[in-house]
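Residue numbers (our numbering): 266 to 476. Have a look at the structure below before the remarks.
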Amino acid sequence: MPKTEGHIVTVGVTGASGALLAQKALALLDEDPRVARVHLVVTEAGQRLLAEELLLSSGDLKKLPARLLGRPSKKIAALPNQDIGAAIASGSYPVDAMLVIPCSMGTLAAIACGMSDDLVSRAADVMLKESRKLVLCVRDTPFSRIHLENMLRAQQAGAVIMPAIPAFYHKPRTIDDLVSQYVCRVLAQIGLPQETMYRWEGSARIEKAKS
Ligand SMILES: Cc1cc2nc3c(=O)[nH]c(=O)nc-3n(C[C@H](O)[C@H](O)[C@H](O)COP(=O)(O)O)c2cc1C
Numbered sequence: 266m267p268k269t270e271g272h273i274v275t276v277g278v279t280g281a282s283g284a285l286l287a288q289k290a291l292a293l294l295d296e297d298p299r300v301a302r303v304h305l306v307v308t309e310a311g312q313r314l315l316a317e318e319l320l321l322s323s324g325d326l327k328k329l330p331a332r333l334l335g336r337p338s339k340k341i342a343a344l345p346n347q348d349i350g351a352a353i354a355s356g357s358y359p360v361d362a363m364l365v366i367p368c369s370m371g372t373l374a375a376i377a378c379g380m381s382d383d384l385v386s387r388a389a390d391v392m393l394k395e396s397r398k399l400v401l402c403v404r405d406t407p408f409s410r411i412h413l414e415n416m417l418r419a420q421q422a423g424a425v426i427m428p429a430i431p432a433f434y435h436k437p438r439t440i441d442d443l444v445s446q447y448v449c450r451v452l453a454q455i456g457l458p459q460e461t462m463y464r465w466e467g468s469a470r471i472e473k474a475k476s
């Protein structure tokens, strides 16, 4: 299959706290001219999360991207998580990168042991077997030994483990400041650095500004 101009990205949303992270990632990907297409897959627990944290009731799956963004999207298409025959379930389909944001401990475990029984875990499995970029935005606290071992296993298989841990060095004032900086770091991992991302330039710069 000829490669489409622009990045093709899969976004998996699972039932870990952090629906705002998924919403911000989708908004930035949708606005990014370097991105051609986004395949969105939400697990059943992920749908529940969207309802709990964003008050988004489950409805017509096709309309989910528009309900998440608050406007229609030409790039983002939602796929049923049960559709293990979707294009992204095959290595022959050229997905450049996949985010699982947020990534539950359940989906982490499935990915770490190659249990590809839904589209999110199968698409992630394909990314690993094809040596493509897979970023797992894991979230829970505290982590058990099982969680930590699964993270190590996934990382050793090629995934980037990017726990949903906010930074504070950019002096965030709002939740959006925290969310944006984290999501920008995630997008930088898949070759889509954002202009709005804060870049630390060393404490010396701050000291100079104070004097
Ligand atoms: C409101 C809510 C918050 C949750 N937060 C987390 C979380 O932060 N991390 C996690 O691993 N599981 C969390 N869970 C539990 C997962 O949703 C649950 O383990 C689920 O089976 C994961 O399924 P999935 O990986 O298919 O999405 C939460 C569940 C609910 C209802």
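Where is the CB? At the ideal position from N, CA and C, for every residue including glycine.
Who are residue i's beta bridge partners in DSSP?
| i | result |
| --- | --- |
| Ile502 | One cannot answer for residue 502 here, as it falls past the ends of the chain, which runs 266 to 476. |
| Cys449 | DSSP, once it has assigned bridges, lists no residue as partnering Cys449. |
| Cys368 | Val403 |
| Ile426 | Leu401 |
| Val278 | Val307 |
DSSP three-state call for residue i: helix, strand or coil?
| i | result |
| --- | --- |
| His272 | strand |
| Ala362 | strand |
| Leu298 | Note that residue 298 corresponds to Pro in the displayed sequence, not to Leu. It is coil, neither helix nor strand. |
| Lys398 | strand |
| Gly311 | helix |
| Ile349 | coil |
| Ile455 | coil |
| Ile440 | helix |
| Ala377 | helix |
| Pro431 | coil |
Roughly how many angstroms separate the alpha carbons of residue i and residue j, rounded to a whole number?
| i | j | result |
| --- | --- | --- |
| Ala316 | Ser322 | 5 Å |
| Ser396 | Glu414 | 21 Å |
| Ser282 | Glu466 | 31 Å |
| Gln420 | Ile376 | 10 Å |
| Val303 | Leu373 | 21 Å |
| Ser369 | Gln454 | 20 Å |
| Val276 | Val306 | 6 Å |
| Asp348 | Asp383 | 7 Å |
| Pro392 | Phe433 | The sequence shown places Met at residue 392, not Pro. About 31 Å. |
| Val365 | Cys402 | 6 Å |
| Thr406 | Pro431 | 13 Å |
| Pro345 | Glu460 | 33 Å |
| Gln312 | Gly280 | 7 Å |
| Arg336 | Ser357 | 32 Å |
| Arg410 | Glu270 | 42 Å |
| Gly324 | Ser468 | 49 Å |
Beta-carbon separation of residue i and residue j under 7 Å?
| i | j | result |
| --- | --- | --- |
| Val400 | Val444 | no |
| Gly379 | Asp390 | yes |
| Leu314 | Ala284 | yes |
| Ile353 | Ala310 | no |
| Pro367 | Arg418 | no |
| Val425 | Ala290 | no |
Spell out whether any CB of chain C is found under 7 Å from the CB atom of residue i.
| i | result |
| --- | --- |
| Thr279 | Structure shown: chain C not included; a single protein chain is present. |
*asked:* With a threshold of 8 Å, are at least 3 pairs of Cβ atoms found where one atom belongs to the segment 324-344 and the other to the segment 288-301?
replied: Three or more Cβ pairs closer than 8 Å define a contact, and the segment 324-344 meets that threshold against the segment 288-301.
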